[in-house]
Amino acid sequence: MTTGYGAIDGYQANDSDHLATSRIKDSHPSSGLSSIKELFARPWVRGAISVSLILILVVSGHNAASSKSGNGVATNVDVEDFHDENQELFYDDQLVNHFDDNKSTWSNRYYKSTNYFEGPGHPIFLVVGGEGALDHGMLYPFVTQHLAPRFGASVIQIEHRFYGPYQPIMGREATVAELVELLTPQQAMADMIQLTKHFKEELNCSHYDRSSPNYCPVITVGG
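Next up, the structure:
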């Protein structure tokens, strides 16, 4: 038998069934809508929504500011002061022999980072190159990316004499006598002092007066 629902199920729908079904269908949308209205009418719900919107705006503003300032890079340094820490530089006034009257010079390779330097009065980390060429920039990212921003410091890294392609004796191999005289810890330390003095002048730091507000203490790393 065909019912009022148009299906062959052996049941004949009556008018009361149609009326009940109609009421059930009509009651669902209005019931859900009224529940939502009642939910939004509660003060604590409106307060939670307001707070959520404020948090979204704050986080969005912070992310926008971070992206403009270089994703967390110190913003108190001018953009012009930023320097590629893996770009090789040369100190052309390095003395071949620091302990005689001959003032011959050579080009000592080094690297520097002033990206986080907060000005005179802040420290300098001196990274000491070891027994090998420094062909790939800074050795210790922990120094340049963690210690430098933590202390507002600059970083300089010197290549050890005779351990890279740029040496005090160029164009030929040094003799044993020259190596005995020039390849010593004292000569290497004098190289560091000379380069550090040059770097301090570049940063406008005072050299020796520790009471000066522009004094930049030097902290050595590596070796």
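If you count the sequence shown from 1, you need to add 31 to reach my numbering.
Every residue gets a Cβ at the ideal spot worked out from N, C-alpha and C, and that includes glycine.
Apply the 10 Å Cβ neighbour rule to residue i and answer buried if 16 or more other Cβ atoms are within range, or exposed otherwise.
i: SER6; result: This structure cannot settle anything about residue 6, because the visible part of the chain is limited to 32 through 254.
i: SER243; result: exposed
i: GLU162; result: exposed
i: PRO199; result: buried
i: MET217; result: Here residue 217 turns out to be Gln, not Met, going by the sequence shown. By the neighbour-count rule (16 or more Cβ atoms within 10 Å), GLN217 is not buried but exposed.
i: MET223; result: buried
i: ALA208; result: exposed
Could you give the DSSP three-state label for residue i: helix, strand or coil?
i: LEU170; result: coil
i: LYS99; result: Residue placement at LYS99 is flagged as unreliable, the pLDDT there being 39, under the threshold of 50; a coordinate-derived value is accordingly withheld.
i: THR251; result: strand
i: LEU88; result: With a pLDDT of 48 at LEU88, under the threshold of 50, the modelled position of this residue cannot be trusted; read the value that follows with caution. Helix.
i: LEU213; result: helix
i: PHE230; result: helix
Find out if the Cβ-Cβ distance for the pair residue i, residue j is shorter than 8 Å.
i: ASP123; j: SER135; result: no
i: PHE173; j: PRO154; result: no
i: PRO151; j: ASN235; result: yes
i: PHE156; j: LEU126; result: no
i: ARG192; j: ALA164; result: no
i: GLN188; j: LEU170; result: yes
Please look up how many angstroms separate the CB atoms of residue i and residue j, rounded, as I've assumed it's under 8 Å.
i: LYS231; j: CYS247; result: 6 Å
i: TYR147; j: LEU120; result: Contact flag wrong, Cβ pair sits at about 18 Å.
i: ASN128; j: GLU212; result: 7 Å
i: VAL159; j: THR251; result: 6 Å
(request) Mind listing, in chain order, the continuous beta strand (DSSP E) runs of no fewer than 3 residues lying wholly within the region 119-143? (result) 120-126
(request) Any chance you could list the beta strand (DSSP E) runs of at least 3 consecutive residues sitting entirely within the region 167-209, in chain order? (result) You should have 185-189.
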